[in-house]
Amino acid sequence: MPAADQPQLFLLGSSHRTAPLAVRETFALNTDSAHALYGHLKQQAGLSECLILNTCNRVEIYGVGSDAGSRSRLEESLRMAHGFDTSAFLQHGFWLTGEEVVRHAFEVAAGLDSQIVGETEILGQIKNSYAGASASAATGPILNRLFQKSFQAAKWARTHTGIGRGQVSIGNVAAELAQRVCGDLREISVLLVGTGEVAEKTVQALVSRGACRVTVAGRNLIKARELADIFQGPCMSVADVPRVLTFHDIVICSTASEEPILRKDAVAPALRQRPTRPLFAIDLALPRDIEDAIAELSNIYLYNLDDLAAIANENLKARQAEVEKARHGLLERATRLWSHLCG
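Numbering of the sequence shown is given in UniProt numbering, commencing with residue 1 and proceeding in unit increments.
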């Protein structure tokens with residue numbers, strides 16, 4: 001381990017492993033909140049290096065500090081930050097130091113710690129977080145080395161093991177669920193609310209399974225039009241979604257809204273107009289796009305990220321040997337890197 005006068009590597013985080021969905025959305029960070037938090041970490045916590053990994057299933061703060069008091073200063077700086085439920089985060093959080101951080105970072109990058117084991121989106125999210133932190137001069141020699149090596153480790157795991165076999169992306173799982181509940185997607189009308197990367201991958205997965213009646217709704221009509229053009233479908237404003245719900249069999253939401261897009265009082269009238277046809281609602285967002293109270297209504301079936309993870313991991317037992325192979329290889333690489341950092 002590092003000598004007493006050497007910088008200390010640590011991680012304070014919370015994820016799907018430690019916090020349920022309803023708690024995770026209370027400390028989800030938007031872009032402005034994450035940017036402000038960087039300022040608190042560098043000024044109040046006195047960290048020489050830091051990186052915030054903020055996804056729908058985890059908020060992790062990687063840091064390098066000069067002494068054992070870094071944790072208390074970090075927690076205090078979080079309490080001063082706006083737009084962040086520090087109490088929930090700490091209550092459902094975890095603390096790692098030294099080599100534990102390296103091992104964890106490698107497993108996260110490879111998708112082994114993901115809610116959908118083996119998914120690939122997390123690597124892109126880490127790269128984006130690293131690029132942002134690096135551009136803000138928040139990282140330094142230790143975190144630069146850690147994350148560059150984590151990218152290499154993730155590539156090794158995907159190249160040399162079968163952890164990614166099957167439909168292990170959130171878009172594929174959403175499309176698979178739609179196919180399970182509705183059968184032939186060629187006969188189904190789908191309303192996709194959102195225009196980001198998850199929405200794009202979901203559209204591609206739906207179309208590849210035969211869906212041809214997909215409407216895209218977005219807050220930005222230009223982006224909605226661009227996404228709809230992929231399959232030459234229609235688009236609309238998010239504001240029009242409640243009005244057209246009655247004409248669709250499945251609604252899939254994946255926006256970055258901080259407030260629900262679909263509320264119970266807006267959905268109820270649409271359901272009354274289609275008493276013999278159920279509506280399937282799939283919420284891929286965090287904070288959630290669909291108000292949980294909607295599940296109390298008759299003739300609607302609501303699925304969230306936790307539900308999709310359970311479906312995606314149904315075949316995990318068959319991939320367990322590959323997962324263990326990947327974990328063993330990542331452990332070896334993490335140990336080597338830690339030895340180098342301590343040298």
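Beta carbons are placed, not taken as given, at the ideal position from N, Cα and C, and that holds for glycine. Source: prediction; values computed, not measured.
- S298 sits exposed, since fewer than 16 C-beta atoms from the chains shown fall within 10 Å of its C-beta.
- Every unbroken stretch of the beta strand (DSSP E) spanning 3 or more residues and falling wholly within the stretch 6-50 is given here in chain order: 8-15.
- Taking the C-beta atoms as reference points, V203 is found nearer than 8 Å to L227.
- The three-state secondary structure of L112, taken from DSSP, is coil.
- Under DSSP, M236 takes part in a beta bridge, and its partners are A217.
- Membership of D85 in any alpha helix (DSSP H) is not indicated, and neither H nor E is assigned to it by DSSP.
- Non-local beta-carbon contacts of R225 in its own chain, meaning distances under 6 Å to residues more than five positions away in sequence, involve C235 in chain order.
- Inter-residue distance for V101 and T159 is about 23 Å (C-alpha atoms, whole angstroms).
- A check of alpha carbon separations from Q43 across A138, V108, G111 and T86 identifies A138 as the nearest.
- Between the C-alpha atoms of P275 and G13 there is a straight-line separation of about 45 Å.
- Around S189, the same chain offers R213, F247, H248 and D249 as residues with beta carbons nearer than 7 Å, after the five sequence neighbours per side are excluded.
- Counting the other Cβ atoms within 10 Å of the Cβ of T55 gives 16 or more, which makes it buried.
- Within the DSSP secondary-structure output, V64 pairs in a beta bridge with L9 and E49.
- Taking the Cα positions, A110 is about 11 Å away from G329.
- By the neighbour-count criterion, in which 16 or more other beta carbons inside 10 Å mark a residue as buried, H340 falls on the exposed side.
- Fully enclosed alpha helix (DSSP H) runs of no fewer than 4 residues occupy 99-110 and 121-135 of the stretch 96-146, in order along the chain.
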